[in-house]
Ligand code: HEM
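Numbering (our numbering), first residue to last: 174 to 606.
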């Protein structure tokens, strides 16, 4: 370890503090300084958490993500957490740092076997069959926004009306969850990912302790497991064409998946599949509400639709980090890393790296090339990336067709979360539909 890379006190806390993620610009300032001064920084906060290396440059995040032999997912937690919460998770799981056994917590040789089970399902060729259904849903969703605005002086909150329910509905359809159960799934997801934010975890408790947050997440996982146990039983008895049927009937090395493995699969799809897309969609609308000229340009030129989607995903970077563990002694950008060291690859910082992106804080749908790493890369690259792109493209097409202008009509608030984060409220004035 090089002493020059020991992180300075003033940054050590904010980079792990959920509150800091709700104050986006200040956080981006910190990452900018770190990329410049200490691109591989050792983060330590006494006994609060295990220390880790924070990697902030695009080039290094890319390299670590691609090298799945040197940088493993399974040995330690894949999402940053405080020690108190981690201890509780290990107690509940009997020693595993992973509350959920899912694709992201696995390494080769098991990981590719599990990933292969559903990989074809998420390819554009298969997703194409869903296009009409998703387009119909986008239309109904934008109707809802416009109607809500019409009855409230043109003002409506984009998050609960559009960006939260739309991707949730899509992912629930592919998992075969009936519409009447979607709210329950939304609630469980918010408990899992929004546990650090008092508005999202619905407990109404501000400043929860790490133990309380972890208890909330444990409860959410149990809720998911119980719910999907019924779906598994049903799909084994009556297989359909949905992903739930693929998972329920899949065999790895001749055996059905265990209940815990199946639950992990459902959970990652149900949870990772909608909060992320939701955050990108709302973030882009915020950027466009602040930039009416760009909104007008996009409305006039639909060839920029794919550009809106990619820039929405880069600019918001909803999955803010993942953790890796060094499988052996190695180095990153000249800094010595020891076997077993914990490493945070920070996608927010990588996607604002001025070495790769001109004027990184600007939302620019015509940015080209847009080499963002918001979906990760390497063996764990987002399985749902084609789906996320498709549903966002359809939705933005519909929004641009139906709305002439948007203005910010109040404060847009970000969730307090250091893992999956984005806007939790976005009041917009909807003009000229
Ligand atoms: C804007 C939307 C999304 C973003 C930004 C996003 C981001 C990510 C990231 C950063 C990873 C980890 C990549 C790595 O470690 O290299 C990931 C993995 C994953 N994502 Fe997404 N995701 C999005 C949407 C979706 C959707 C719609 C689904 C499915 C319905 C999905 C399912 C998954 C799964 C299953 C994995 C684990 C893959 C593996 O470990 O092999 N994601 N995603």
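Each residue gets a CB set at the ideal place from its N, CA and C atoms; glycine is no exception.
Inclusion of residue 343 and residue 564 in the CB contact set at 9 Å is warranted, their separation being smaller than that value. In this chain, the beta strand (DSSP E) harbouring residue 494 covers 494-499. Boundaries for residue 509: no alpha helix (DSSP H) harbours it, while the beta strand (DSSP E) harbouring it runs 508-510, taken from the DSSP string.
In this model, residue 214 and residue 196 are separated by some 21 Å (Cα to Cα). Between the C-alpha atoms of residue 241 and residue 498 there is a straight-line separation of about 10 Å.
In the DSSP assignment, residue 450 falls within the unbroken alpha helix (DSSP H) covering 448-462. According to DSSP, residue pairing for residue 586 in a beta bridge involves 598. Residue 356 and residue 228 have their C-alpha atoms roughly 37 Å apart. Exclusion of residue 225 from the 8 Å shell around the ligand HEM follows from its C-beta lying no nearer than that to any non-hydrogen atom of the ligand.
Scanning the segment 215-289 for uninterrupted alpha helix (DSSP H) segments of 4 residues or longer gives 231-239, 256-266, listed from N- to C-terminal end.
Between residue 384 and residue 258, the C-beta gap is smaller than 9 Å, which places the two residues in contact. Taking residue 272 as the centre and dropping the five residues before and after it, the same chain places the C-beta of 262, 394 closer than 6 Å to its C-beta, in chain order.
Rounded to whole angstroms, the separation of the alpha carbons of residue 490 and residue 247 is 23 Å.
Residue 456 is a Cβ neighbour of residue 485, given a cutoff of 9 Å. Rounded to the nearest whole angstrom, the CA to CA distance from residue 587 to residue 337 is 14 Å. Here residue 505 is near residue 233, since their CB atoms are less than 9 Å apart.
Nearest C-alpha to residue 437 among 581, 396, 202: 396. Contact annotation: the segment 465-484 does not touch the segment 590-601, with fewer than three C-beta pairs closer than 8 Å. In the structure shown, the three-state DSSP call for residue 348 is helix. Residue 435 and residue 270 have their alpha carbons spaced roughly 18 Å apart. The beta carbon of residue 583 is closer than 7 Å to those of 600 in its chain, skipping five residues each way along the sequence. Remark: the shortest separation between the CB of residue 248 and any heavy atom of the ligand HEM does not fall under 8 Å. Taking residue 217 as reference, the option from 210, 211, 225 with the minimal CA-CA separation is 225. Rounded to the nearest angstrom, the gap between the Cα atoms of residue 555 and residue 442 is 11 Å.
In this structure, the straight-line span from the alpha carbon of residue 593 to that of residue 474 is close to 31 Å. The shortest C-alpha to C-alpha distance from residue 207 to any of 579, 575, 525, 577 is the one to 525.
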